[in-house]
Amino acid sequence: MSKKNIIISEGNRPIWQLIIAAIHYTAIVSLLLFAIIDFDIAFNSEVIKKGINTFEVIIFLLPGALAFSLVKDVLFDLDKKQYKLQYSVGPIHFGKWEELPEIEYVSVFKQPLVDGNFIYEVNLWYQSNRHFNIYKNENKEKVFLLGKSVAKVLHVNLLDATVPNNYRWIKNKLDNYEN
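Take any residue in the sequence shown, note its place counting from 1, add 8, and you have its number in this note's numbering.
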């Protein structure tokens with residue numbers, strides 16, 4: 009019997025973020041085109057300075073473009089016991105399949121940010137103290153439901169650590185799962 013596969017996606021970016029990313033990418037491509045069109049084989053200091061300045065501007069714009077367009081997905085192939093952290097920019101995807109370790113439990117916890125706000129994270133724990141993050145969001149309910157769903161599909165328990173120093177285990181009824 010085939011097991012379920014899991015896809016956890018940040019989803020699509022809001023239109024305003026895509027517009028900002030498009031402006032950044034347009035500027036990067038324009039600068040590259042102008043650099044190619046205006047290319048001069050003469051290697052004097054002025055030409056080299058101009059090339060370095062163009063490259064610096066591109067390096068400055070690229071993180072902004074990525075920040076507003078990069079989407080993180082986590083894919084699980086439970087039949088093959090593999091997972092993949094996949095990063096996407098439009099139709100371009102990066103990531104490789106890795107062996108899924110024996111997951112001991114799923115945790116949902118509250119992480120403080122520098123500005124005083126909080127973010128909630130879902131981690132998968134294995135080998136007693138090793139883990140990897142699969143999702144982050146400011147919405148506690150959304151993160152908790154995702155953690156609960158992943159724990160159910162993986163047949164493990166959920167550690168609710170959303171309240172600091174008041175952790176509680178949410179046991180899954182493992183007898184009710186289909187194997």
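Glycine included, C-beta positions come from ideal geometry on N, C-alpha and C.
Note that the structure is predicted; figures quoted are calculated from it, not measured.
Exercise. What is the rounded straight-line gap between the Cα of E106 and the Cα of V97?
Worked result: 21 angstroms
Exercise. Which runs of the alpha helix (DSSP H) spanning at least 4 residues fall entirely within the stretch 13-40, listed in chain order?
Worked result: none
Problem set entry | Close Cβ partners of K156 (< 6 angstroms) along its chain, the five nearest in sequence each way excluded | Answer for K156: L166, listed in chain order.
Exercise. Which residues in the same chain as I111 place their Cβ atom closer than 6 angstroms to its Cβ, once the five residues preceding and following it in sequence are excluded?
Worked result: L132, Y134, L162 and V164
Problem set entry | Proximal residues to M9 (C-beta, below 6 angstroms), its chain only, five neighbours per side dropped | Note that M9 scores 42 on pLDDT, short of 50, meaning its location in the model is unreliable; the coordinates nonetheless yield the value given after this. Cβ neighbours of M9 beyond the five flanking positions: none.
For this session: Write down the C-beta distance between A29 and A73 rounded to the nearest angstrom, noting that I regard them as a contact closer than 8 angstroms.
Result: 5 angstroms
Exercise. What number of angstroms, rounded off, separates the C-alpha of I127 from the C-alpha of G103?
Worked result: Whole-angstrom Cα-Cα distance: 24 angstroms.
Problem set entry | Through-space distance from T34 to V55, alpha-carbon basis | Between V55 and T34, the alpha-carbon positions lie close to 23 angstroms from each other.
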